[in-house]
DNA sequence: ACAAGTCTTGAGAACGCTCTCAACATACGC
DNA sequence: GCGTATGTTGAGAGCGTTCTCAAGACTTGT
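Protein chains in written order, with our numbering: chain G, 859 to 1209; chain Z, 859 to 1209.
Dropping the structure here:
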């Protein structure tokens, strides 16, 4: 019969080391003003007994909760998940978050919240009350939802908005959408493409606009046309199919498409296939996101790598380091890179 | 200037409703023996003030922590994540878990733990002490790690082992690996295949053995040979390349391969390509896992769908419903299904 | 109508930790 | 050598909840 181990509390450590609770607490939290010799003795007791403070108790005593809460859009996440397309955002947030949180003794939790519901406040409020996180990370489209940012500001919970560049309350982090679109466009132009179309994301997302701007500016700099080369989708596969068809119908001389999401890029790939166009010989394709699925298509897609994990990591660092009242409304940009694969090549030579 | 909202505590509710804390607590937890009229009044106060109990405080007062902890293998998870292959296990666990936890007021947290390290106990012990979860879900290869199961048993924390059928302490849940392999083999045989090879997973995973058994039994039932048709990989891409090459070298008349992971199946697909074999015309392919990446390959792969989310969901249900001392060492099987896509077809007609 | 039960409510302790504040020890300046 | 700053330690309250237990209100059976 296995011995039942009782939970080790700070009291046990204090007794073992022959000091007060307070001293142990100071050692655990790296507090100042403890004689090295004593600190050592207490540390030895901690190690010996395998003491780890209870998060709940720490939270209770008015200090931090050591929890960072990441908010994702429930609707989109569940849709992607049910269709088994992969929930890359959640993935990247969770892992990027965990890897940055854990070394600091923090934990990352994921919460799915409906954006469009009229009871966002209640839903999020309940999570905040229950968990009392030390920081919250918002992802699009929540990042620019005033109801949410106000709620967080009211409750004085530090938060980070990913995919927003508004200097409002909370830290803003963008993933260099403008530069990324510019980069993708330039990459295609350097290969020799003249007609470079874009399938953009929906208006509600600020980053959709930034990407359009980047694409348009790159074209302007190169004296290339953009007329009729823009179609708007909703990031989903079906919208990509429609957009790609419209673009190819309208511009038979089109040789390159930038899609604002992997799913829309896969759709464009499918449209190319149905029209007998070979990628990349007849049509070059660049996608945004670089989720796992674009590595294994035929051909593998050149993609803008959305540095979600790195961005979340930065966000976590800021939230953890944040002083209680330091309303540092920073705007941080994490640059996205281009991963070249086999879907981009020089355009075909016209007869 | 936004009004700063103070946290609403059970005391505020009690005051507002003109009752004691205890009564509010009873209402919140659906306790018995509260006059309907009073219950209603308290509930009204709760709704009015938007009261939600603090998880930390609930935990402190000796009751549940409302946290379910899911343990994943750090090494494998991070490898898949860094290579951007996708961390499907984590994904599925998290979402399957969240969807089942949240309606019950529970939260799901993910912890990455190194299996091979000799300080598993310390690492996991720290997480358990800090979080004090009400239940733990173990995934392979942790599910059969005695150090871990013992630690959990000692601490009297209910846990579920996914991918283990040992009746030991804790609930065991399998995903019908035997039946799934049998199903895949039968599917191929029905298409007309006679030489059906298998690329298995490593020995350390029980499920590798179960899959081999299922495959072998199906072959035996159909009077088909299995000799020299088994190769062992480590679930990774490279091992799949090697195994597929060996199999095709050894058996030029091979027409079908079952791979014990999506990555190994993708590798087999690549080997087929490098040898000029068309899938599925020359070679049929069935993979295990059905992660997002096999939906978008050329051709999309027929796959055994690992019902990870459903299994985690079952596990969570059991852990939540579990009576404090009810050592129900159940063994539950969640069946896997076959998703037919374009990588399986009748074998080529031999000249 | 009375004893014995059941239902309903509340008071107070307890959970494990950190906070504030006070006490004592040591160092420093003149 | 004395007063004052600074360093070091501990005592006690408090965080928000649920637990145990007791008290009062209401049934029920005889």
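Even for Gly, the Cβ is constructed at its ideal location relative to N, Cα and C.
Nearest CB-CB separation between residue 1119 of chain G and chain Z: not below the 7 angstroms threshold. In chain order, 924 place their CB closer than 7 angstroms to the CB of residue 963 of chain G, counting only its own chain and leaving out the 5 sequence neighbours on each side.
Looking from the CA of residue 874 of chain G, the closest CA among G:890, G:896, G:888 belongs to G:896. According to the DSSP assignment, residue 1031 of chain Z belongs to the beta strand (DSSP E) that extends over 1029-1032. Assignment of residue 948 of chain G by DSSP, reduced to helix, strand and coil, places it in the helix class. 7 angstroms or more divides the Cβ of residue 1138 of chain G from the Cβ of residue 1199 of chain G. For residue 1114 of chain Z, the pairing in a beta bridge is given by DSSP as Z:1054, Z:1142.
Straight-line measurement puts the Cα of residue 973 of chain G at about 6 angstroms from the Cα of residue 931 of chain G. In the DSSP assignment, residue 976 of chain Z falls outside any beta strand (DSSP E) and carries neither an H nor an E. Using a Cβ-Cβ cut-off of 7 angstroms, residue 1146 of chain Z does not count as an interface residue toward chain G, since no Cβ of chain G sits closer than that to its own.
Under the three-state reduction of DSSP output, residue 1007 of chain Z falls in the helix class. Excluding sequence positions up to five before and after residue 1019 of chain Z, its CB lies within less than 6 angstroms of the CB of 996, 1001, 1028, 1030, all in the same chain and listed in chain order. Rounded to the nearest whole angstrom, the C-alpha separation of residue 1136 of chain Z and residue 1090 of chain Z is 23 angstroms. The alpha-carbon separation between residue 1021 of chain Z and residue 1164 of chain Z amounts to approximately 11 angstroms. Residue-level contact by beta carbon fails for residue 903 of chain G and chain Z, as no gap is shorter than 7 angstroms.
If the five residues before and after residue 1116 of chain Z are omitted, its C-beta is found closer than 6 angstroms to the C-beta atoms of 1042, 1056, 1144, all from its own chain and listed in chain order. Around residue 918 of chain Z, the beta-carbon contacts reaching into chain G at under 7 angstroms are 914, 915, 918. With the rule of 3 Cβ pairs closer than 8 angstroms, the stretch 934-954 of chain G counts as touching the stretch 945-955 of chain Z. Using a Cβ-Cβ cut-off of 9 angstroms, residue 1001 of chain Z is close to nothing in chain G; its nearest Cβ partner there is about 19 angstroms away. By the Cβ test, the stretch 903-922 of chain Z is in contact with the stretch 975-989 of chain G, since at least three Cβ pairs between them sit closer than 8 angstroms.
Collapsing the DSSP output to three states places residue 1148 of chain G in coil. For residue 1017 of chain G, DSSP records a beta bridge to G:994.
Note on residue 1205 of chain Z: 16 or more other CB atoms within 10 angstroms of its CB, so buried under the neighbour-count rule. One Cα belongs to residue 1051 of chain G, the other to residue 1084 of chain G, and the distance between them is close to 13 angstroms. Within chain Z, no residue has its CB atom less than 8 angstroms from the CB of residue 868 of chain G, the nearest being about 11 angstroms off. Close to residue 965 of chain Z, with beta-carbon spacing below 7 angstroms, are these residues of chain G in chain order: 967. The alpha-carbon of residue 877 of chain Z is positioned some 20 angstroms away from that of residue 919 of chain Z. With a cutoff of 7 angstroms on beta-carbon distance, residue 1161 of chain G and residue 1170 of chain G are scored as not near each other. The beta carbon of residue 1046 of chain Z sits closer than 8 angstroms to those of 1054, 1114, 1116, 1142, 1144, 1202, all from its chain and outside the five residues before and after it, given in chain order.
Residue contact check for residue 987 of chain Z against chain G: a CB pair falls below 7 angstroms. Using a Cβ-Cβ cut-off of 7 angstroms, residue 1151 of chain Z counts as an interface residue toward chain G, since at least one Cβ of chain G sits closer than that to its own. The CB of residue 948 of chain G comes closer than 8 angstroms to the CB of 949, 952, 953 in chain Z, given here in chain order.
The beta-carbon of residue 879 of chain G is placed no less than 7 angstroms from the nearest beta-carbon of chain Z.
Comparing alpha carbon positions, the residue from Z:1191, Z:1131, Z:1008 closest to residue 1106 of chain Z is Z:1131.
Scanning Z:1094, Z:958, Z:928, Z:935 for the CA closest to the CA of residue 965 of chain G turns up Z:928. C-alpha of residue 970 of chain G to C-alpha of residue 1207 of chain Z: approximately 52 angstroms in a straight line.
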